[in-house]
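Working notes for the structure below.
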Amino acid sequence: MTSPTAQLADAGVSIWLDDLSRDRISSGNLAELITSRSVTGVTTNPTIFAGALSNGESYATRVGELAAGGASTDEAIFAITTDDVRDACDILRPVYDATGTVDGRVSIEVSPDLAHDTEATIAQAKDLWSRVDRENALIKIPATQAGLAAITETIGAGISVNVTLIFSLERYADVIDAYLAGLEKAKAAGIDLSTLHSVASFFVSRVDTEVDKRLTAIGTDEALALRSKAGIANARLAFELFEKKFGEQRAADLVAAGANPQRPLWASTGVKDPSLPDTLYVTELVTKGTVNTMPEKTLEATHDHAEIAGDTVTSSYTDAHGVFDALANAGVDFADVTQVLEDEGVEKFIGSWHDLQQTVRNALEAAK
0 MTSPTAQLAD
10 AGVSIWLDDL
20 SRDRISSGNL
30 AELITSRSVT
40 GVTTNPTIFA
50 GALSNGESYA
60 TRVGELAAGG
70 ASTDEAIFAI
80 TTDDVRDACD
90 ILRPVYDATG
100 TVDGRVSIEV
110 SPDLAHDTEA
120 TIAQAKDLWS
130 RVDRENALIK
140 IPATQAGLAA
150 ITETIGAGIS
160 VNVTLIFSLE
170 RYADVIDAYL
180 AGLEKAKAAG
190 IDLSTLHSVA
200 SFFVSRVDTE
210 VDKRLTAIGT
220 DEALALRSKA
230 GIANARLAFE
240 LFEKKFGEQR
250 AADLVAAGAN
260 PQRPLWASTG
270 VKDPSLPDTL
280 YVTELVTKGT
290 VNTMPEKTLE
300 ATHDHAEIAG
310 DTVTSSYTDA
320 HGVFDALANA
330 GVDFADVTQV
340 LEDEGVEKFI
350 GSWHDLQQTV
360 RNALEAAK
């Protein structure tokens with residue numbers, strides 16, 4: 000019998016770990032997860048790095064070197080995080096080669112302080128790409144209004160991108176268009192389109208958290224019966240949109256010229272409601288050509304007891320539309336839900352970024 004994680008990989012879902020630290024790299028844990036848990040990529044964000052740097056001694060030597068060299072707080076952050084991402088890219092390089100450059104990817108995010116500044120995001124994306132200096136890296140750019148133009152310019156410059164913080168179908172459609180526009184710019188510049196990859200990170204559990212709060216406040220039997228359904232329905236409709244948009248002529252022409260489709264990635268897959276199955280956002284979002292990025296707790300739960308029953312997405316579009324019709328009838332303003340989630344998502348990452356800055360500032364001071 001193969002493990003559930005192996006079954007998930009066999010079903011065409013790429014398993015990426017939503018975590019990274021120097022300990023995970025140096026202990027061999029990341030390499031072990033590639034072998035034992037079918038992990039084929041890594042995602043990071045400011046919250047992950049804030050936790051890594053505040054909870055370990057493994058950065059002490061590097062912080063000491065940076066302090067001795069007079070590095071500023073932000074210079075130290077970028078040195079430390081790009082070191083980790085570069086080393087993780089090297090560990091995942093065999094996966095990258097074995098999958099024809101599709102997987103074996105490690106993501107690093109631009110500063111969330113830049114989420115509403117297009118030009119600064121573009122400049123930092125290029126800087127991070129240069130600093131990591133690994134072709135299997137992905138630069139994470141949030142799907143804010145300002146982020147859309149940055150996505151196009153970054154792809155157009157030949158840099159692979161992980162688009163993060165997507166909550167609504169409307170914004171997801173804009174993200175796909177931004178990616179295609181970037182490919183068109185890259186093609187015009189003579190860049191080999193086959194070297195460009197992108198994922199679109201569609202958040203799942205946070206949708207349920209916000210919608211369920213509103214359904215509980217409405218309190219009718221009809222509303223309460225819809226709890227814990229919106230996140231999965233929203234993600235399934237995102238995949239329906241992906242199939243539609245990449246089936247159109249504009250995308251088909253680019254793919255014919257060597258471009259890769261922008262894969263949907265399921266993010267925020269840790270279950271926050273303890274009454275729900277802990278693998279809910281894995282087993283209900285199985286379909287070929289997607290990525291599921293999991294915190295370690297979800298990864299281990301999936302490996303231990305997830306029941307993988309084949310494709311659970313493409314036959315569920317009608318039901319998913321029905322969920323949204325019912326949510327509207329119950330009085331849930333989903334456009335407001337997704338705007339609140341985007342605003343909160345940016346603010347949470349800014350808060351984590353500032354925590355990270357303070358942690359590194361204190362470490363640099365202590366090392367002097």
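First residue of the sequence shown: 0, per numbering that gives the first Met the number 0; consecutive thereafter.
Yeah, the Cβ is synthetic: ideal placement off N, Cα and C, and Gly gets one too.
Distance between beta carbons of Phe201 and Ala266, contact taken as under 8 Å: Contact between Ala266 and Phe201 holds, with the beta-carbon distance rounding to 7 Å and staying under 8 Å.
Touch test, the segment 319–330 against the segment 20–30, Cβ-Cβ under 8 Å, three pairs minimum: Contact between the segment 319–330 and the segment 20–30 is absent, with fewer than three C-beta pairs closer than 8 Å.
Nearest residue (CA-CA) to Thr337, options Glu209, Ala188, Glu118 and Ile138: With distances taken between Cα atoms, Thr337 lies closest to Glu209.
Contacting residues, own chain, Cβ-Cβ under 8 Å from Leu32 (five flanking each side not counted): If we look at Leu32 and ignore the five residues flanking it on each side, its Cβ neighbours are Leu16, Val38 and Leu298.
Exposed unless 16 or more other CB atoms sit within 10 angstroms - verdict on Asp303: So Asp303 counts as exposed.
Reference Asp277, options Arg133, Thr151, Ser204 and Leu137, closest by Cα: Among Arg133, Thr151, Ser204 and Leu137, the Cα nearest to that of Asp277 belongs to Ser204.
In DSSP terms, what Ala199 is bridged to: Per DSSP, the beta bridge partners of Ala199 are Val162 and Pro263.
Cβ distance (whole Å) where Val94 is taken to contact Gly103 below 8 Å: Sure, about 4 Å apart at Cβ, within 8 Å.
Three or more C-beta pairs below 8 Å linking the segment 46–57 and the segment 131–142: No: the two stretches stay apart, fewer than three of their Cβ pairs being nearer than 8 Å.
Residues near Ser2 by beta carbon distance below 7 Å, same chain, minus five either side: Cβ-Cβ distances below 7 Å link Ser2 to His302 in the same chain, with the five nearest sequence neighbours on each side left out; the list follows chain order.
C-alpha distance - Gly369 paired with Thr311, whole-angstrom precision: Residue 369 is absent from the model: the chain starts at 0 and stops at 367.
Nearest neighbour of Ile231, chosen from Ala250, Glu183 and Leu168 [CA to CA]: Its Cα nearest to that of Ile231, the residue Leu168 stands out among Ala250, Glu183 and Leu168.
DSSP state of Ile190 mapped onto helix, strand, coil: Here Ile190 sits in coil by DSSP.
Check whether Ala199 and Arg130 have beta carbons under 9 Å apart: No.
In chain order, each alpha helix (DSSP H) run of at least 4 residues that lies wholly inside the segment 231–298: Annotation note: the segment 231–298 contains the following uninterrupted alpha helix (DSSP H) runs of length 4 or greater, listed N- to C-terminal: 248–255 and 279–282.
Candidates Lys212, Val359, Lys244 and Glu364, of which the one nearest Phe77 by Cα: Answer by Cα proximity: Val359.
Element boundaries [alpha helix (DSSP H), containing Glu343]: Note, Glu343: alpha helix (DSSP H), Phe333 to Ala366.
Closest Cα partner of Ser35 within the set Arg61, Thr4 and Ala365: Nearest to Ser35 by C-alpha distance, out of Arg61, Thr4 and Ala365, is Thr4.
Rounded C-alpha distance that separates Leu192 from Pro111: Going by the C-alpha atoms only, they are around 28 Å apart.
Selection from Ser159, Ala216, Lys244 and Asp73 that minimises the alpha carbon distance to Tyr171: If we check each option's Cα against that of Tyr171, Lys244 comes out closest.
Those residues which DSSP pairs with Lys228 across a bridge: Lys228 has no beta-bridge partner at all, per DSSP.
Beta-carbon contacts of Leu355 that lie in its chain and below 7 Å, excluding the five residues immediately before and after: Here the set comprises Pro45, Phe48, Ala49, Leu52 and Ile76.
Spatially closest choice to Val281 from Ser274, Gly269, Pro273 and Gly288, by CA coordinates: The shortest CA-to-CA distance from Val281 to any of Ser274, Gly269, Pro273 and Gly288 is the one to Gly269.
Cβ-Cβ distance between Thr289 and Glu239 below 9 Å: Taking 9 Å as the Cβ cut-off, Thr289 and Glu239 do not qualify as a contacting pair.
Ordered list of beta strand (DSSP E) runs contained in the segment 96–142, each at least 3 residues: The qualifying runs are 104–108 and 136–141.
Three-way DSSP call (helix, strand, coil) for Leu422 in this model: Given a span of 0 to 367 for the chain in the structure shown, any question on residue 422 remains unanswerable.
Span of the alpha helix (DSSP H), counted from its first residue to its last, around Thr39: Membership of Thr39 in any alpha helix (DSSP H) is not indicated; the residue belongs instead to the beta strand (DSSP E) covering Val38 to Val41.
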